[in-house]
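Student:
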């Protein structure tokens, strides 16, 4: 293991799906590192860039002006795992362990430590590299907010804001045309975006993966509103939500990806079913990647900056193998091994879930 006092050169990479605030983290890592006299490198296109030796030196000028930008200036991918890396042999794709080559590429540039900015898949890979002796510090990134050990991942606040704004806009159309409007948001296994956006946007029903729904419960809510003269309803459904006794809605399979299953169609299926059973015109809007893109909110910019500074400080202090996290508005350190491969889901006793029930929101159960 490298002595922290001897660390002179570090690298940063972004892995997995993009999220608002990635550039703010990169900027904070680079500026903090340079401010402490370190050379800072950027690894392009995620962990694949480690294998392919796609490395550039980062400077203050390189990160100037990127704080409000969405996406990542380094590029990212959710398909390249150095421990199971796609290579071509005889015209066929063969998966090999290329972690050794990735580490050698870092050694050639005297890179001694790595900041991994990513979600559950990237954190797992970062943890494996740490176990091989590479000093690693992680920053939690996902709009789904489903990484344990932290109260917030950056990108979540922006995604919720986009979804809540969409609900505000759908509300006027739903009310004008007396329709049921279904908004499908991201959330494969965790319903945090749907829960927060649904409450912020005045949804009548919120459907999340943690609570398999009953169509009869949703219809009952719609009919109850009709009886009160409310001739429209707003429903938010996470892409991973599914009916009791049913399955998640799969749109396609992507081989070689950390998450091979691509979800899609949950909202449209629900809208068709509701229209058929109630006779009320029902429409679905799918936000998709709109939730990932664009300018991060002020909250996400501040959180990302705090994370980036804290990650760099971990490297200076030799606190390797940790993920920086937010807890009670304080930045803390959590061992990566404690959270890699685990998830943070909405629980039955979640305060916000209880609040939603108290104000009459239907959760499909």
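In our numbering, the protein residues as written are 7 to 371.
Glycine residues also receive a C-beta, built at the ideal position from the N, C-alpha and C atoms.
Predicted, not measured: the structure shown is a model, and the values here were computed from it.
Count the C-beta pairs between the stretch 97-113 and the stretch 69-84 that are closer than 8 Å, then say yes if the count reaches three, no if not.
Tutor: Short answer: they don't touch.
Student: Helix, strand or coil: which one does DSSP assign to residue 69?
Tutor: DSSP places residue 69 in coil when its eight states are reduced to three.
Student: If you measure between the beta carbons of residue 16 and residue 120, is that distance less than 8 Å?
Tutor: Yes; because the gap between Cβ atoms is below 8 Å, this pair is in contact.
Student: Quick check on the DSSP output: what are the complete beta strand (DSSP E) runs of length 3 or more inside the stretch 37-104, in order along the chain?
Tutor: Listed in chain order, they are 45-49, 61-64, 91-95, 98-102.
Student: Using the Cα positions of residue 362 and residue 213, report the straight-line distance between them to the nearest angstrom.
Tutor: When rounded, the distance between both Cα atoms is 12 Å.
Student: Please work out which residues of its chain come closer than 7 Å, Cβ to Cβ, to residue 25, disregarding the five sequence neighbours upstream and downstream, and give them in chain order.
Tutor: Same-chain partners within the cutoff: 147, 148, 149, 160, 161, 298.
Student: Is the Cβ-Cβ distance between residue 35 and residue 155 less than 8 Å?
Tutor: Contact flag unset, no.
Student: Among the residues of its own chain, which have a CB less than 7 Å from the CB of residue 368, if the five just before and after it don't count?
Tutor: 210, 211, 223, 224, 227, listed in sequence order.
Student: Between residue 292 and the ligand ZN, is there a pair consisting of the residue's CB and a ligand heavy atom that are separated by less than 7 Å?
Tutor: As far as ligands go, the structure on display features none, and thus does not contain the ligand ZN.
Student: How long is the line joining the alpha carbons of residue 243 and residue 107, rounded to whole angstroms?
Tutor: Going by the C-alpha atoms only, they are around 43 Å apart.
Student: Check whether the stretch 286-294 touches the stretch 305-317, counting contact only when three or more Cβ pairs, one atom from each stretch, lie closer than 8 Å.
Tutor: Not touching, per the Cβ criterion.
Student: Are at least three pairs of beta-carbons, each pair with one atom in the stretch 31-45 and one in the stretch 307-326, less than 8 Å apart?
Tutor: Segments in contact, yes.
Student: What residues in its chain sit with their C-beta under 6 Å from that of residue 219, if we drop five residues either side in the sequence?
Tutor: Same-chain partners within the cutoff: 213, 249, 370.
Student: Whose C-beta lies closer than 8 Å to the C-beta of residue 284 among residues of the same chain, with five residues either side of it excluded?
Tutor: Contacts found: 186, 225, 228, 229.
Student: In three-state terms, what does DSSP make of residue 164?
Tutor: If DSSP states are grouped into helix, strand and coil, residue 164 belongs with the helices.
Student: Give the C-beta separation of residue 141 and residue 118 to the nearest angstrom, bearing in mind that I take them to be a contact with Cβ-Cβ under 8 Å.
Tutor: Yes, they are in contact, since the Cβ atoms of residue 141 and residue 118 sit about 7 Å apart, within 8 Å.
Student: How do the stretch 200-207 and the stretch 165-177 stand: do at least 3 beta-carbon pairs fall below 8 Å, yes or no?
Tutor: Output reads yes: the stretch 165-177 touches the stretch 200-207.
Student: Which one of 59, 112, 96, 145 has the shortest CA to CA distance from residue 331?
Tutor: Comparing Cα-Cα distances from residue 331 to each of 59, 112, 96, 145, the minimum goes to 145.
Student: What three-state label does DSSP hand residue 342 in the structure shown?
Tutor: If DSSP states are grouped into helix, strand and coil, residue 342 belongs with the helices.
Student: When the distance is taken between beta carbons, is residue 327 closer than 8 Å to residue 136?
Tutor: A contact, by the Cβ cut-off of 8 Å.
Student: I need the straight-line Cα distance from residue 347 to residue 153, nearest angstrom please.
Tutor: Each residue's alpha carbon lies about 9 Å from the other.
Student: Between the alpha carbons of residue 256 and residue 269, how many angstroms are there, rounded?
Tutor: Cα to Cα, residue 256 sits roughly 4 Å from residue 269.
Student: So, for residue 342: in the same chain, excluding its five sequence neighbours on each side, which residues have a beta-carbon less than 8 Å away from its beta-carbon?
Tutor: 129, 132, 133, 136, 142, 144, 327, 328, 329.
Student: In chain order, which beta strand (DSSP E) runs of at least 3 residues are fully inside the stretch 188-227?
Tutor: Entirely contained in the stretch 188-227, the beta strand (DSSP E) runs reaching 3 residues are, in chain order, 211-213.
Student: Looking only at its own chain, which residues have a Cβ that is under 6 Å from the Cβ of residue 200, when we skip the five neighbours before and after it?
Tutor: Cβ neighbours of residue 200 beyond the five flanking positions: 191, 193, 212, 214, 242, 244.
Student: Where DSSP assigns a beta bridge to residue 26, which residues make up the other side?
Tutor: Answer by DSSP bridge pairing: none, since residue 26 is not bridged.
Student: Are the CB atoms of residue 19 and residue 52 within a distance shorter than 8 Å?
Tutor: Going by C-beta atoms, residue 52 is nearer than 8 Å to residue 19.
Student: What's the C-alpha gap between residue 57 and residue 86?
Tutor: Their Cα atoms are separated by approximately 9 Å.
Student: Which runs of the alpha helix (DSSP H), 4 residues or longer, sit entirely within the stretch 125-150?
Tutor: The stretch 125-150 contains these whole alpha helix (DSSP H) runs: 126-137.
Student: What separation, rounded to the nearest whole angstrom, lies between the Cα atoms of residue 66 and residue 171?
Tutor: About 35 Å.
Student: Going straight from the alpha carbon of residue 80 to that of residue 12, what length do you get?
Tutor: Each residue's alpha carbon lies about 26 Å from the other.
Student: Using the three-state DSSP reduction, which class does residue 117 fall into: helix, strand or coil?
Tutor: The answer is coil: DSSP assigns residue 117 none of H, G, I, E or B.
Student: Would you list the one or two residues that DSSP bridges to residue 291?
Tutor: Residue 291 pairs with 189.
Student: Can you tell which of 296, 335, 349 has its C-alpha closest to the C-alpha of residue 164?
Tutor: For the residues 296, 335, 349, the minimum Cα distance to residue 164 belongs to 296.
Student: Please classify residue 336: is it buried, with 16 or more other beta-carbons within 10 angstroms of its beta-carbon, or exposed?
Tutor: Classification of residue 336: exposed, given that the 10 Å Cβ count is below 16.
Student: Could you tell me the alpha carbon to alpha carbon distance between residue 109 and residue 59, rounded to whole angstroms?
Tutor: The alpha-carbon atoms of residue 109 and residue 59 are separated by roughly 10 Å.
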